[in-house]
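The block underneath contains the structure these notes are about, expressed in structure tokens.
Written out as structure tokens, the structure is:
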């Protein structure tokens, strides 16, 4: 993962995306003045940016409250992007099988760039039906250095790419140095799966196995997450073997 050369970006495009992301994050709509003040822009510039986004369907205005919120085009675009990723469809029977076998939360994580650096994002999810369970959100981003999905990705990188990825990822307190990380990644390479115990979230154990594109590049991981109360060693190892077998099958598909 090499550093990209600095390129000149278009300010108006950046501002438009900033506004759009802001409207999605607040959810309940904002007035023109509020949006302008939030970004330190004058009202005229903000107005024209909003009207451009509105014309494309990404923003809509509530004329009664004089507020702007994200528009229906956002849902359309998101759903289309989801449908275009074949792995989300291919993985669903495996996620269903994992729920039927263990009734523990199972998820698919893709590795995609965010703000120029790779992170893992939850793109498919089947939650446990048990009263004590691990809950996730679709579309949530996760760091690399302390999650099962992230560590699985790091274990598949060469030394140069690994060092670059580590530089851009914040280390949690529970991974105090690179030696501990190296040991985790070495184990993951040897076993083709990783078991992460309470590094990212207290009381949660996560198991992940990698999914490869036909070119040999790791593109995603299949994960199972369970509360520490049910994380007996034999049980965890059984899940890990199941995940490894499933991801080997998924890696053979035309992804």
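Numbering (the numbering used here), first residue to last: 578 to 832. Backbone N, C-alpha and C define an ideal beta-carbon position, used for all residues, glycine too. What you are looking at is a predicted structure, and each value in this text was computed from that prediction instead of being measured.
Say whether the stretch 669-677 touches the stretch 625-642, bearing in mind that this needs 3 or more beta-carbon pairs closer than 8 Å, one atom from each stretch. No, the stretch 669-677 is not in contact with the stretch 625-642.
Three-state secondary structure (DSSP) at residue 578? Because residue 578 carries a pLDDT of 40, less than 50, the predicted location of this residue cannot be relied on, and the following value inherits that uncertainty. Here residue 578 sits in coil by DSSP.
How many Å lie between residue 831 and residue 791 at the Cα? About 7 Å.
Measure the alpha-carbon distance for residue 601 versus residue 685 and round it to whole angstroms. Counting only the Cα atoms, residue 685 lies some 23 Å from residue 601.
The stretch 761-771 / the stretch 718-736 touching (three or more Cβ pairs under 8 Å): Taking a cut-off of 8 Å for Cβ pairs, the stretch 761-771 and the stretch 718-736 touch, as three or more such pairs fall below it.
For residue 687, does the three-state DSSP call read helix, strand or coil? The answer is strand: DSSP assigns residue 687 an E or B state.
Do you know offhand how far residue 591's Cα is from residue 773's? Their Cα atoms are separated by approximately 37 Å.
Between the alpha carbons of residue 786 and residue 795, how many angstroms are there, rounded? In this structure, the alpha-carbon of residue 786 lies about 10 Å from that of residue 795.
Looking at the unbroken beta strand (DSSP E) that takes in residue 711, where does it start and where does it end? DSSP places residue 711 in no beta strand (DSSP E); its state is neither H nor E.
So, are the CB atoms of residue 699 and residue 715 less than 8 Å apart? It is a contact, given that the beta carbons lie within the stated cut-off.
Looking at the unbroken beta strand (DSSP E) that takes in residue 799, where does it start and where does it end? Per DSSP, residue 799 belongs to the beta strand (DSSP E) from 795-804.
At what residues does the alpha helix (DSSP H) containing residue 532 begin and finish? What is shown of the chain runs 578 to 832, which leaves residue 532 out entirely.
Is it the case that the Cβ atoms of residue 742 and residue 695 are separated by a distance below 8 Å? Yes, the pair counts as a contact, with Cβ atoms nearer than the cut-off.
Pair within 8 Å by beta-carbon distance, residue 728 and residue 765: Yes.
Run of the alpha helix (DSSP H) containing residue 645, from where it starts to where it stops: Note, residue 645: premise wrong, no alpha helix (DSSP H); beta strand (DSSP E) at 644-647.
Just tell me which of 644, 815 and 595 has its CA closest to the CA of residue 692. Residue 692 has its Cα closest to that of 595, out of 644, 815 and 595.
Based on DSSP bridge pairs, tell me the residues matched to residue 682. Bridge partners of residue 682: 802.
Near residue 615, which residues of its chain fall below 8 Å by C-beta distance, leaving aside the five closest residues on each side in sequence? Only 599 and 607 meet the Cβ criterion.
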